[in-house]
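Residue numbers (the UniProt record's numbering), protein chains in the order written: chain A, 1 to 426; chain B, 1 to 426; chain C, 1 to 426; chain D, 1 to 426.
Glycine included, C-beta positions come from ideal geometry on N, C-alpha and C.
Number of protein chains: 4
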Amino acid sequence: MAAVAAVRPFEGEDRHVALAGRLRAVRAATLALLEGLTPEDCMMQSMAEASPVKWHVGHVSWFFETFLLETGEPGFRPFHPRFRELFNSYYVGVGARQPRGWRGLLSRPALQEVLDYQHAVQQRLLALLGRGGLPAQALDLIELGINHEQQHQELIVTDLKHHFWHNPLRPAWRGSPAAPAENAAPAGFVAFDGGLCEIGHAGPSFAFDNERPRHRVWIAPFELAARPVSNAEFLAFIDDGGYRRPELWLSDGWDERCRQGWEAPLYWWRDDGPWHSYTVAGDAPLDPAAPVCHVSHYEADAYARWAGARLPTEAEWEVAAAATAPGPADDFAEGGGFHPRRPGAGRLAGLWGGVWEWTQSAYLPYPGFEVAPGAVGEYNGKFMINQMVLRGGSCATPRSHIRASYRNFFGPAARWQFSGLRLARK
Amino acid sequence: MAAVAAVRPFEGEDRHVALAGRLRAVRAATLALLEGLTPEDCMMQSMAEASPVKWHVGHVSWFFETFLLETGEPGFRPFHPRFRELFNSYYVGVGARQPRGWRGLLSRPALQEVLDYQHAVQQRLLALLGRGGLPAQALDLIELGINHEQQHQELIVTDLKHHFWHNPLRPAWRGSPAAPAENAAPAGFVAFDGGLCEIGHAGPSFAFDNERPRHRVWIAPFELAARPVSNAEFLAFIDDGGYRRPELWLSDGWDERCRQGWEAPLYWWRDDGPWHSYTVAGDAPLDPAAPVCHVSHYEADAYARWAGARLPTEAEWEVAAAATAPGPADDFAEGGGFHPRRPGAGRLAGLWGGVWEWTQSAYLPYPGFEVAPGAVGEYNGKFMINQMVLRGGSCATPRSHIRASYRNFFGPAARWQFSGLRLARK
Amino acid sequence: MAAVAAVRPFEGEDRHVALAGRLRAVRAATLALLEGLTPEDCMMQSMAEASPVKWHVGHVSWFFETFLLETGEPGFRPFHPRFRELFNSYYVGVGARQPRGWRGLLSRPALQEVLDYQHAVQQRLLALLGRGGLPAQALDLIELGINHEQQHQELIVTDLKHHFWHNPLRPAWRGSPAAPAENAAPAGFVAFDGGLCEIGHAGPSFAFDNERPRHRVWIAPFELAARPVSNAEFLAFIDDGGYRRPELWLSDGWDERCRQGWEAPLYWWRDDGPWHSYTVAGDAPLDPAAPVCHVSHYEADAYARWAGARLPTEAEWEVAAAATAPGPADDFAEGGGFHPRRPGAGRLAGLWGGVWEWTQSAYLPYPGFEVAPGAVGEYNGKFMINQMVLRGGSCATPRSHIRASYRNFFGPAARWQFSGLRLARK
Amino acid sequence: MAAVAAVRPFEGEDRHVALAGRLRAVRAATLALLEGLTPEDCMMQSMAEASPVKWHVGHVSWFFETFLLETGEPGFRPFHPRFRELFNSYYVGVGARQPRGWRGLLSRPALQEVLDYQHAVQQRLLALLGRGGLPAQALDLIELGINHEQQHQELIVTDLKHHFWHNPLRPAWRGSPAAPAENAAPAGFVAFDGGLCEIGHAGPSFAFDNERPRHRVWIAPFELAARPVSNAEFLAFIDDGGYRRPELWLSDGWDERCRQGWEAPLYWWRDDGPWHSYTVAGDAPLDPAAPVCHVSHYEADAYARWAGARLPTEAEWEVAAAATAPGPADDFAEGGGFHPRRPGAGRLAGLWGGVWEWTQSAYLPYPGFEVAPGAVGEYNGKFMINQMVLRGGSCATPRSHIRASYRNFFGPAARWQFSGLRLARK
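Below, the structure written as structure tokens:
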């Protein structure tokens, strides 16, 4: 976010330069994710919701080509006439799309050709920026594209983990996670006064449309747990029959548990001995003091009920987070571990990074929410139904991508994100 | 609501008497719904979500038998040892249940036996009340059971309409709807200041747990349409390609539209000529000035987007409704038409009765919401996910059942309730 | 079959008289099935494949009205203009049809109205016959209609048993089955020479089109078990892990077993003690010496493999049966037990009636098979795929309906018919 | 078949030598199929029924490793301890298996590692053969493995075509098909006497267990079309409303057509102009004189009914084919075109190769059929249900693989094989 903030103050040519720098940095981060992966690894698609790495790489360039080059580059010609269709995700306004569940069938173009595409689009975009004089609207779109690419960086990690999980060899594709901190953060609750507060984003720095406008909310006094729920605590829930007691669950949640046969968080397994979980470094024993991860909203909600607490609202979370900011010690993608570490010290340990924290808030428009005109307006608004808000970023989120007003969202049954929970109570 | 209010002021024995009177009145209203129906009519089940009439009749007595007689009647013996299982809806804490989609397979007990059950439970309950001295908690449960029965009265109407719809004979089972009012209410918007408001129910009079506690919310200034959207207005949406333009729809809504092949509200049909709709009095031409009905949240939301407006939040709706109350001229179940009429005059015409109005609010717990202990606590809380709030009652709601804080809720794809919409804008 | 045979020899007016007699007898048998059933019982539909009793009753009259009265009655007017659609089963050539899975939603017409329909069609048909002079083609259609009604008599029993099974009260709707014979038929095999044989029906007496033409087949020497597999024998298969050993099953059969969770034949259940089964007389202990019943082709095939034998082909079965005929001691619908009894003595005990016997033959057209022109030609031919042949009739088949060449057919997963098996070996 | 026939006559050491030669030749043919494919191409899986190329390559080596090396190689150690699970197709007796629909998620092992596996198994198998002295049973298994690999060669082609079809780029991965023959074979029928015939395989040369034993069948006189149905003829069926007339279809076939929305054979498409089809050389105009291909049994059956004919039985086909043999001019995999050519001249043109010809025979065991003991016995027998027989081989079948008694089989809805039809009539 520091980087983003640095961009805005200097309008005019300086913003062109700053954006070019960010473009290069984001691109480098995307490419770094591909290290150690083969073209075959980048083909896998384990479910319609999780795309192949290659498709993600093509799609983030498609965004720049379609929304920037196509409208802003003199004498624009597409890199490939069919890529507009191949790499469109869900923008109905842009035209036909490869069906979501068929993305894993794109052996052609080869990964190398997609990397060439990415490089070419990058160069043409940098050339455009280099010439200067772009209208503010185009610069805003570039900034949106940079943030869009960061979102797909996180999805590359979570989707890939899901794909690899279906291989009984349980491949390791990143180094071992960092050794856990010696001391885990203590439990307990922090009290907040609430009152007439403001949440949402204001001002010129970048934020997604769904974070705007900043608006007033009334919040009753509340308490927020000093750290996320840990694996050890979640194990106590399991051992207490948490997955066998319908009275702890939302009705839809219980149905889902039965349908899917859930007995533990995603990626957990055990033979006769203790629980393990699959990580980007392969199978590993569970660290009791690390945050529980890969739980659905349903499981988070059931846990909270079992614990005599509840999930926070997104407004409570944001108000509590407003006084802090993601820092270099937090557990973000730049660390490269891609597995939530024990949270460090601090009043609200693990608030930033580590695991996304489920809230009890449905993902809905803020009062006065407005959608951007044109296809780019499909970015967020049309998904504002049947989803719940998560806050705070995860170990797979770039540090510069997150902020207090950031709203992530997934359906209540989703488990393949790095999703955990922090308790709240009145 | 008047009736409910009348009960509470006189605590002690007087409340026993008042509740006995209400029990008799509610029972009479349930039985009146069965007029003109055969035992075969009361067997039908067209989908898992819509129960047979006979099952509804058994279930409302099951509620009283299970939660009142079983715990409060000296020497209690069940009317039939298996009814506890047959007529349990979703109370996991009570034990086994006939699967929801199999309720239409209960040819035995016969309708007459279920009516005998209802009568016996009623008599025993009245005897219990007649003896007096029941603890407040038991009286509260009776009041809950009365309101519970009223909810099922509405479901009897909406479910039955859905069942009959699958019969190509399109049976008429109630008299023709009342002749429409000569003049429809005018369009336009009414402005509200918002500010720091209170919503939810407080005080001793009856309300469901989901309406409590009363709490403060901040509301920005807003406008609410002077009447619900009419059939004529909704036809303009259809004629403008509303069902063919994905950009007007939420993403999940568009998927549902495609999956179901929706081209118009439920129960609408036409051959070569103008649109008709199936009503409880059989097929009838569409009244352009009546409120559009049997639309899902998805359709309501798409219409609002098309109209350059939005759905209200439940807080906005409640604040607007707080100054008014359901009155004798409003279109409720007591009128017996079971089809929404043209709204009459008034500042917010048709706010009460007629059609339930979809809001843009997800059905979630209010701050400080608490669930009752025991199986009866499964009443509302466990459904607080994946559903949207509707407000104001319909032509099938008993007048005494509704109030400003009342929260109805259905999934965003549901269409078989009498559900319409009223626009809001900032 | 005796009755049918009696019809043909006296052509001309005598055939009119004979058919009128059979019509009356078949109608009486249909009505006898309704004894003890309420209109509600006749509404149930537990799956798309099993129709409500009321629908069966309407459909058999629809057959006569559509194929006889509509074409043959001077000045024909339909009993009800919509019954043509309501009671059409699968005759595409006749026009629209109530969807198969929605037959349980026809509360209107009431059962009484359907019985009136049946009576009226019967009277008009008898009047037509009384006038005499009908062409042979019309008389053939009446004979087809009589046999068609007998088929639906059996389906009334099997479908109703399936519907009632979903009611936890396990209703009994017929008297207790006859006391079992003291001595069960002995096991063992009967040897047959095979050679160049003829199967299929020839001559003027009635048979369905799928039994024609009579044709030559070469059959190798084979042996057929002296009686059907018994419950005791099937229990040994279960106790030997028959439902847990995929190597005993066809691949599709094993998949189906897993999908459905089969652990025993349909309608079998037990708590802690011995196995019981649901019968038309309610729950009853299993008779070890009675034929096993309500097994799918998959289970029959797995049992045979476990027993070191195989199912017979339909040609083997027919050749073995050709020398015998259904007799008064056999276990047919006229006995009213509707539950397979212990087979009596005889060289091939229980060959007729009791349980249908699965063969290893797919239901395919005989060489030279020809379909009747017009909609009535949809009777059999279009189902000749994905089904297996069963032979010999069951305890729910009318005795006069069965013959050696009779081919019944169901998909290999079907279990709700009275289906068992008899072993064969080379 | 010539090659196979060449193996058997010289028993003892000579058979070792001959098998080693065939092993090398078959391996070379498998590797030749990979030319022009990238590792990404070899990853695709478009449906559970169609496996990735890489999986096929691993599986054919798995067969040799599991059934030959594991039991016959002194001091056997598996190439990789988990490949036994990864590359098991459906042999329950061998243990756990990667779920069929997840084969496309095996990015690891890489294609190169699978090729290394293939090479290592080949070398070890050749060493085993080189040492000589293998029991006849082991030599039989090697011969089975060779034929097994040839079956997977054909599946590599048909599955890959299906995978690529989901890529809107419509990749071409083989050269253009050969120019069509100038003159198409003439239509007409050839008459056969039938009588007491023999079908099935006898003698020492290789055949699958499902082709045995040779046995007698009685066949009535019949006629077989002089060539397969052509694209032009099938177009006439389409133009005559063939896909809109339920009376032409089997009931299950019509349901499938409606469910899938079939309007033409698989891989056919058109915009405004004439029909095209997707081929291994990319999109191409339809050759009217080439055999129609990629039709299901349902479509073949409907076409035959429309044409006033029928499909042949497998016995008729085999008797007609017995006097001929696949020759060098026939359209087989060795030609490399992988697209059916116009049939050449001859009395029964196109009988061998080109397209598999659907028969009206269900895939069932021959009289006296016996399954091999052990897991290898799962090869054929357990699939003998719900499938129909195809005969004659296709343009993707190796010439040495086919013979008159060869029985291919697929479900009646399958279309992705090179399947066509030849008419028969009585």
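Segment limits, alpha helix (DSSP H) that includes residue i
| i | result |
| --- | --- |
| S61/A | 53 to 64 |
| V295/A | Neither: V295/A is in no alpha helix (DSSP H) and is coded neither H nor E. |
| F164/B | 136 to 165 |
Continuous beta strand (DSSP E) stretch holding residue i: start and end
| i | result |
| --- | --- |
| E223/A | 222 to 225 |
| F410/C | 408 to 410 |
| L196/D | 195 to 199 |
| F189/B | 189 to 192 |
| W218/A | 215 to 219 |
CA-to-CA distance, residue j to residue i, given in whole angstroms
| i | j | result |
| --- | --- | --- |
| W306/A | Y379/B | 18 Å |
| L247/C | V92/D | The sequence given here places Glu at residue 247/C; Leu does not occur at that position. In a straight line, the C-alpha of E247/C is about 7 Å away from that of V92/D. |
| L23/A | G195/A | 41 Å |
| P213/C | P204/C | 12 Å |
| S361/C | P412/C | 11 Å |
Cutoff 8 Å: residue i Cβ touching any chain C Cβ
| i | result |
| --- | --- |
| A220/D | yes |
| S61/B | no |
| L141/B | no |
| N386/D | yes |
Interface flag, residue i vs chain D, CB-CB below 8 Å
| i | result |
| --- | --- |
| F410/C | no |
| L196/C | yes |
| A110/A | yes |
| Y91/C | no |
| E40/A | yes |
Residues sharing a beta bridge with residue i, DSSP
| i | result |
| --- | --- |
| T279/C | G282/C |
| S230/C | P291/C |
| S251/C | Per DSSP, none; premise fails for S251/C. |
| F369/A | Looking at the DSSP assignment, F369/A forms no beta bridge with any residue, so it has no partner. |
| M388/C | A362/C, F410/C |
Residue-level contact to chain B via CB, residue i, 8 Å cutoff
| i | result |
| --- | --- |
| Q417/A | no |
| Y366/A | no |
| M107/C | The question names Met, but residue 107/C is Ser in the sequence shown. Yes, S107/C lies at the interface with chain B (some Cβ there is under 8 Å from its Cβ). |
Neighbour flag for residue i against chain A, beta carbons, 8 Å
| i | result |
| --- | --- |
| H215/B | yes |
| S46/D | yes |
| Q98/D | yes |
In the stretch 242 to 275 of chain B, which residues sit with their C-beta less than 8 Å from some C-beta in chain C, listed in chain order?
-> none
Short-range partners of chain D found in the stretch 66 to 85 of chain A, where Cβ spacing is below 8 Å = R82, E85
Output, in sequence order along the chain, the residues in the stretch 164 to 178 of chain B whose CB is closer than 7 Å to any CB in chain C.
-> H166, N167, P168, L169, P171
Closer than 7 Å, Cβ to any Cβ of chain B: which residues of the stretch 299 to 322 of chain A, in chain order?
-> none
Between the stretch 372 to 383 of chain C and chain D, which residues of the former have CB atoms less than 7 Å from a CB of the latter, in chain order?
-> K382, F383
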